[in-house]
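A.B. asks: The opening residue of the sequence shown carries number 1377 in this note's numbering; numbering runs sequentially from there.
Even for Gly, the Cβ is constructed at its ideal location relative to N, Cα and C.
One structure is given below, represented as structure tokens, and several questions about it will come after.
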Amino acid sequence: SQLVYKLKKMECIGNPERVKNISCHVKPINWNLGVGNMDCFLTYPLINPYGRLQVFQRDYSNQFKPFLIDVTINICEVIEKRNFIPYGVIVWKMLRRFTNANHSCPFVGQMTCRDGYLEPQLIPPFPKALYLIHITIMDKNATLSEYVGTVKFYLQTMDMIKIKKKPSS
């Protein structure tokens, strides 16, 4: 049967000096799919944003432990195709369809993501479990690095649930 990645929950945390009016939530569509929606307003432009992508797997003691991926990505270089870090390219391929951040840097003003979900064909197969994908966004320049925000995605890998249709009479 086919493996699916179901989005269960989303959390957004922002630096109040850099980001205002943050909201994010998951809308369940069916047994196999939940879509994420996010809105925020950037009070200062993101000139040189970096994202730290970490994946954690929930273990038998209900704790999230690091799982394979911990990488820092220069977001602008991935968007402008100057950097080909595999995880950065995968994240960008998934996000560009759902977000208004589909242009070159800098990012200014209202940022949105609508009906985002994980496409199984873009992600390497994970063992069946509950995962936390933790993305920390920083804005870096030559002398300092400033925290902008964090997005946490909780997702479950599972076999696709077949939906039985009632016979029409």
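Cutting at 8 Å between CB atoms, please list the residues of its own chain near Val1395, excluding the five before and the five after it.
C.D. replies: One-based indexing of the sequence shown puts residue 1395 at position 19. Hits under 8 Å: Cys1416, Phe1417, Leu1418, Thr1419, Val1524, Gly1525.
A.B. asks: Shortest alpha-carbon distance to Val1527 belongs to which of Ile1389, Gln1378, Val1380?
C.D. replies: Against the sequence shown, residue 1527 aligns to sequence position 151. Here the closest residue by C-alpha is Ile1389.
A.B. asks: Considering only residues of the same chain and omitting the five flanking positions on each side of His1401, which have a CB-CB separation below 7 Å?
C.D. replies: As a position in the sequence shown, residue 1401 is number 25, starting the count at 1. Around His1401: Met1386, Asn1413.
A.B. asks: Closer than 6 Å by C-beta to Ser1399: which residues in its own chain qualify, once you throw out the five before and the five after it? Chain order, please.
C.D. replies: Here residue 1399 is taken as the residue at index 23 of the sequence shown, counted from 1. Here the set comprises Asp1415.
A.B. asks: Around the Cβ of Thr1533, are there at least 16 other Cβ atoms within 10 angstroms (buried) or fewer (exposed)?
C.D. replies: Position 157 of the sequence shown, counted from the first residue, corresponds to residue 1533. Buried is the call here.
A.B. asks: Could you give the first and the last residue of the continuous alpha helix (DSSP H) run that contains Met1470?
C.D. replies: Here residue 1470 refers to the residue found at position 94 of the sequence shown. 1462 to 1471 is the span of the alpha helix (DSSP H), which, as asked, contains Met1470.
A.B. asks: Sorted by chain position, which residues of the same chain lie with C-beta nearer than 7 Å to Leu1409's C-beta, five sequence neighbours on each side aside?
C.D. replies: As a first step, residue 1409 must be located in the sequence shown, where it is residue number 33. Closer than 7 Å at Cβ, skipping near neighbours: Lys1382, Tyr1493.
A.B. asks: By alpha-carbon positions, which one of Tyr1507, Leu1531, Gln1378, Glu1522 ends up nearest to Phe1432?
C.D. replies: Working through the sequence shown from its first residue, we reach residue 1432 at position 56. For the residues Tyr1507, Leu1531, Gln1378, Glu1522, the minimum Cα distance to Phe1432 belongs to Tyr1507.
A.B. asks: Please confirm whether Gly1464 and Ile1449 have their CB atoms less than 8 Å apart.
C.D. replies: What you label residue 1464 is simply residue 88 of the sequence shown in a count that begins at 1. What you label residue 1449 is simply residue 73 of the sequence shown in a count that begins at 1. Taking 8 Å as the Cβ cut-off, Gly1464 and Ile1449 qualify as a contacting pair.
A.B. asks: Excluding sequence positions up to five away, which residues of its chain have a Cβ less than 7 Å from the Cβ of Ile1405?
C.D. replies: By 1-based counting over the sequence shown, the position of residue 1405 is 29. If we look at Ile1405 and ignore the five residues flanking it on each side, its Cβ neighbours are Val1411.
A.B. asks: Going by DSSP, name the residue or residues bridged to His1510.
C.D. replies: In the sequence shown, residue 1510 corresponds to position 134, counting from 1. His1510 is bridged to Gln1430, Lys1528.
A.B. asks: Is Ile1451 helix, strand or coil when you go by DSSP?
C.D. replies: Along the sequence shown, read from residue 1 onward, the residue named residue 1451 stands at position 75. Helix.
A.B. asks: By how many angstroms is the C-alpha of Pro1421 removed from the C-alpha of Val1380?
C.D. replies: Locating residue 1380 in the sequence shown gives position 4, where the first residue counts as 1. Locating residue 1421 in the sequence shown gives position 45, where the first residue counts as 1. Val1380 and Pro1421: Cα-Cα distance of roughly 36 Å.
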